[in-house]
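Residue 5 in UniProt numbering sits at position 5 of the sequence shown; the count goes up by one each step and never skips.
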Amino acid sequence: MQILDWKTIYREPKTTIGNKAHKKYPYLLRNLKIERCNQVWATDITFIPMKTGFMYLMAVIDLHSRYVLHWSLSNSMSAEWCAGVLKEAISKHGKPEIFNTGQGSQFTSDAFIKVLTDNEIKISMDGKGRAPDNVFIECLRRSVKYEHIYLNVYEDGVSLWKGLNGYFRFYNQERPHQSLSYKTPANCYYANAA
């Protein structure tokens with residue numbers, strides 16, 4: 001679509017809506033050399049269209065290995081859902097030193113920030129409108145959509161979940177990454193996780 005300069009005929013909902021009353025944290029990744037697993041995790045939310053309606057996808061990745069640590073679907077972008085996804089990632093994989101997000105109200109909410117501060121995780125937030133600050137999660141979003149979502153039509157949330165579950169298994173365990181010397185994210189993560 002991009003090569004042909006085609007545009008979608010529907011408008012995707014905005015997933016980054018800030019709350020001016022919430023504290024924004026500085027971006028800690030500028031000039032940071034990410035050298036090991038669980039040093040930095042990142043997350044974002046993206047819109048996933050279905051045959052009728054849509055869902056939101058939130059994924060948490062380890063930036064060193066590109067491993068998708070946890071993901072979830074929801075029909076709303078509530079702060080409680082986002083905090084729950086983060087808690088689940090921590091319960092499965094321990095905690096990172098730094099967690100990077102955008103400045104959306106879900107990520108600046110008391111519920112989400114509390115999970116990070118309770119676990120003594122340093123908080124990093126992208127600059128407003130600075131997609132390059134979270135380039136790895138943006139790459140994941142693009143891969144999910146162009147390698148899977150746009151190639152399949154899902155009737156409902158259950159079939160979407162099943163399809164994404166298969167895709168993330170493929171992404172983590174079978175899809176080699178050039179940036180990882182053609183290893184898979186799972187090979188890199190489990191070989192190097194502290």
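We put the beta carbon where it would ideally sit given N, CA and C, even for glycine.
Coil, strand or helix - residue i by DSSP
| i | result |
| --- | --- |
| N100 | strand |
| K183 | strand |
| K122 | strand |
| S74 | strand |
| H177 | strand |
| V60 | strand |
| V135 | helix |
| D44 | strand |
Residue i versus residue j: straight-line alpha-carbon distance, rounded
| i | j | result |
| --- | --- | --- |
| E155 | K162 | 12 Å |
| R175 | A42 | 20 Å |
| Y182 | F170 | 14 Å |
| K87 | N119 | 10 Å |
| G166 | Y150 | 15 Å |
| S179 | V40 | 16 Å |
| L29 | G127 | 11 Å |
| T8 | P49 | In this prediction, T8 has a pLDDT of 48, which is less than 50 and means its spatial position is unreliable; what the coordinates show is noted afterwards. Distance between the alpha carbons of T8 and P49: 11 Å. |
| R66 | P185 | 5 Å |
Beta carbon proximity, residue i to chain C, threshold 8 Å
| i | result |
| --- | --- |
| G102 | Here there is only one protein chain, and chain C is not present. |
Contacting residues, own chain, Cβ-Cβ under 8 Å from residue i (five flanking each side not counted)
| i | result |
| --- | --- |
| K92 | L69, H70 |
| A89 | W41, V60, L69, H70 |
| G84 | S72 |
Sequence-distant residues of the same chain with beta carbon closer than 7 Å to residue i, five excluded per side
| i | result |
| --- | --- |
| Y25 | I123, S124, M125 |
contact_flag[the region 102-120, the region 139-159] where n(CB pairs < 8 Å) is 3 or more: no
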